[in-house]
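Colleague: In the working numbering, the protein residues as written are 3 to 188. The beta-carbon is built from N, C-alpha and C at its ideal position, and this holds for glycine as well. The structure follows.
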Amino acid sequence: MSSNLLLLSTATLGSIFGLLVWLVYKRCQGKNIPIGVLGVLSCLLLLNAAVTYFVLPKEDSQAYKQLTWHNLQPEQIPAWVAKGKTVFVDVSADWCNICKANKDRVLHQAVVVERLKDKNILLMRGDLTQSDARIEAYLARYQAYGVPFNIVYSQAHPTGLVLPRVLSIDDLLTSLPPRSYTNRNK
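The following block contains the structure:
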């Protein structure tokens, strides 16, 4: 239902904006368009934008807090993969803008959170906000000398599948093995 409301609201915004631009254009050509009409349309445009932004339901922006992250333990990864687990590693830092964007645009999105909640996916995080020789050595194994660094280990990729520095939802979801019905934690 919220997607229908969003579609309707977006269509209304576009229509009002288009009408407003057309009327301003006609007024600039010398047509007698009352300034009050332009003012009312501008107010409607702002009101509709405010309703769209503040009132329509949004994705659960706190869903990512449901995930359980473990400290990065590279030496444990092969054992987890041997047990049939998929291990997703996220190495980031608080000062890294790309890391923050990856979290906001991908890792904190509900569709990704739902997928990462799978009981056969183990999440590991390395924090390079402060220098950490162990994490830096881990990155060096992959010739990655900075953050962000994301990699997925699975039975299909036991040595890891390195993901792009700038993540996309599609990149992450397609790097994970298919989810079978029996793997769901719901």
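Just mark L174 as buried or exposed, buried being the case when its beta carbon has 16 or more other beta carbons within 10 Å.
Modeller: buried
Colleague: Under 8 Å from any heavy atom of the ligand SAH, does the C-beta of Q157 make it?
Modeller: Looking at this structure, you won't find the ligand SAH or any other ligand, since it has none at all.
Colleague: Considering T88, what are the terminal residues of the alpha helix (DSSP H) in which it resides?
Modeller: Element bounds for T88: not the alpha helix (DSSP H) but the beta strand (DSSP E), 88 to 94.
Colleague: Per DSSP, N152 forms a beta bridge with which residues?
Modeller: When beta bridges are read from the DSSP output, N152 appears opposite D92.
Colleague: How is N99 classed by DSSP in three states: helix, strand or coil?
Modeller: Correct three-state label for N99: helix.
Colleague: Using the three-state DSSP reduction, which class does N50 fall into: helix, strand or coil?
Modeller: helix
Colleague: If I measure Cβ to Cβ from V113 and keep anything under 7 Å in the same chain, skipping five residues before and after, which residues do I get?
Modeller: I171
Colleague: On the three-state DSSP scale, how would you describe N104?
Modeller: helix
Colleague: Start and end of the beta strand (DSSP E) containing I35?
Modeller: Counting along the chain, I35 falls outside any beta strand (DSSP E), and DSSP gives it neither H nor E.
Colleague: With DSSP collapsed to three states, give me the class of G162.
Modeller: coil
Colleague: Whole angstroms is fine: what's the gap from H72's alpha carbon to R127's?
Modeller: 6 Å
Colleague: How long is the line joining the alpha carbons of L15 and P150, rounded to whole angstroms?
Modeller: 37 Å
Colleague: Measure the C-alpha to C-alpha separation of S156 and I79 and round it to an integer number of angstroms.
Modeller: 9 Å
Colleague: Measuring alpha carbon to alpha carbon, tell me which residue in D96, A51, Y27 is nearest L130.
Modeller: D96
Colleague: Just the C-alpha distance for T88 and S17, rounded to the nearest angstrom, thanks.
Modeller: 47 Å
Colleague: Given a cut-off of 9 Å, decide if V168 and I153 are closer than it, judged by their beta-carbon atoms.
Modeller: no
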